[in-house]
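Chains as they are written, first to last, in my numbering: chain V, 1 to 148; chain G, 149 to 350. Read through the structure below, which is laid out as structure tokens, and then see the notes.
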């Protein structure tokens, strides 16, 4: 009996360590940018550069002449024009099951979004919150502007 | 200022803030763009307790501070103008490659050599690139050996990409063994299509 339990323990341990995608903190990458683009991470604000990797909770801001293009690990793509501020509030994605959720807060500016695997797998698991509404994506390409 | 005045002052501040918030002219403009990859794409827009669905390309709405949705007409030209900078920075689409392997080895089959060349070209073409490499096996051999073999296959491709000048920290290589078959088979079945590495270029 004890041996059997030990065996089950071993199998459990093995399953827990079975090769799945390592849970990396990186959720996306800056593909291209121009002008002033800043990332705020853990309260520290720094100038963004192409190839920078992004994490959940990062805040992205573009200046008066700033633009930025980002691809996320679920293959969704964002691009922001000048004077834009977005916060990557929540990002969870399982590359094996394609299941996840992705919530972004947009305070100002212009943003185009091409949704990826998260929205494809479960419609409206990808959301964008603006000061006046919440958008739920069903596999699509959308442009959003916050008019102040 | 006595406590009554303080309270009055506090109320006044709250009143001013409240008026500012409720009178804001902030609006959200939402435009559904044409998307050749998902012709039946749509976006759901929250409005009070309900939602409005936008599913016609180049259809647009504005949502005001009270959450009211109003249809607006917008031309292609206007979209280009309002979103010109954002549209110009849209990253290229993600591309996926499949490479097949000789049985029990990390050797790419001759038929996949062209794909390998295409992969290298695509990676070289992109400005900022990340690559995800996932190795697989068929069901010949035991589960654990296949986990190792699939990891080795992925690692082989990763090393080739590093040799081509791609930074190792932008390549993620993992093995899934015989856990995700492309062609479902019984155990111990030779299946060339299952002996593969998928490479996703972002």
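Note that CB positions come from ideal geometry on N, CA and C, so glycine has one too.
Of the residues V/114, V/107, V/142, which one's Cα is nearest the Cα of residue 75 of chain V? It is V/114.
Answer yes or no: do residue 91 of chain V and residue 99 of chain V have a C-beta to C-beta separation smaller than 9 Å? no
Apply the 10 Å Cβ neighbour rule to residue 23 of chain V and answer buried if 16 or more other Cβ atoms are within range, or exposed otherwise. Only weak support exists for where residue 23 of chain V lies, its pLDDT of 49 falling under 50; the value from the coordinates is given anyway. Label assigned to residue 23 of chain V: exposed.
Using the beta-carbon of each residue, which ones in chain G are nearer than 8 Å to residue 50 of chain V? 275, 276
Determine the contact status of residue 62 of chain V and residue 80 of chain V, defining contact as a CB-CB distance below 9 Å. yes
Using a C-beta cutoff of 9 Å, does residue 143 of chain V count as contacting chain G? With a threshold of 9 Å between beta carbons, residue 143 of chain V makes contact with chain G.
Contact list for the segment 228-250 of chain G against chain V, Cβ threshold 7 Å: If the cut-off is 7 Å between Cβ atoms, the segment 228-250 of chain G has 230, 231, 233, 234, 235, 236, 237, 238, 239, 242 near chain V.
May I ask you to list, following chain order, the residues of the segment 79-94 of chain V that have a beta carbon less than 9 Å from some beta carbon of chain G? 79, 80, 81, 82, 84
Does residue 280 of chain G come within less than 9 Å of chain V when only Cβ atoms are used? yes
Taking the Cβ atom as the reference point for each residue, do residue 345 of chain G and residue 281 of chain G lie within a distance shorter than 9 Å? yes
Starting from residue 230 of chain G, follow the alpha helix (DSSP H) in both directions and report where the run begins and ends. 224-230
Cβ of residue 199 of chain G within 9 Å of any chain A Cβ: In summary, chain A is missing from the structure at hand, where the protein chains are V and G.
DSSP state of residue 9 of chain V mapped onto helix, strand, coil: Low confidence applies here, because residue 9 of chain V scores a pLDDT of 49, under 50, leaving its location unreliable; read the following figure in that light. Helix at residue 9 of chain V.
Give me, in chain order, the residues of the same chain whose beta-carbon lies closer than 7 Å to that of residue 145 of chain V; leave out the 5 immediate sequence neighbours on both sides. 110
Run through DSSP, which three-state label would residue 334 of chain G get? Residue state, collapsed to three classes: coil.
Please confirm whether residue 21 of chain V has its beta-carbon closer than 9 Å to some beta-carbon of chain G. Residue confidence is low: residue 21 of chain V scores 39 on pLDDT, short of 50, so the model does not pin down where it sits. No coordinate-derived value is stated.
Whole angstroms is fine: what's the gap from residue 64 of chain V's alpha carbon to residue 82 of chain V's? Approximately 5 Å between the Cα atoms of the pair.
Counting pairs of beta carbons, one from the segment 205-214 of chain G and one from the segment 180-190 of chain G, are three or more of them closer than 8 Å? yes
Count the other CB atoms within 10 Å of the CB of residue 46 of chain V; is the residue buried (16 or more) or exposed (fewer)? With fewer than 16 other Cβ atoms from the protein chains shown falling within 10 Å of its own Cβ, residue 46 of chain V counts as exposed.
Have a look at G/324, G/156, G/335 and flag the residue whose alpha-carbon is nearest the alpha-carbon of residue 96 of chain V. The shortest Cα separation from residue 96 of chain V among G/324, G/156, G/335 belongs to G/324.
Would residue 311 of chain G be called buried (16 or more neighbouring beta carbons within 10 Å of its own) or exposed? exposed
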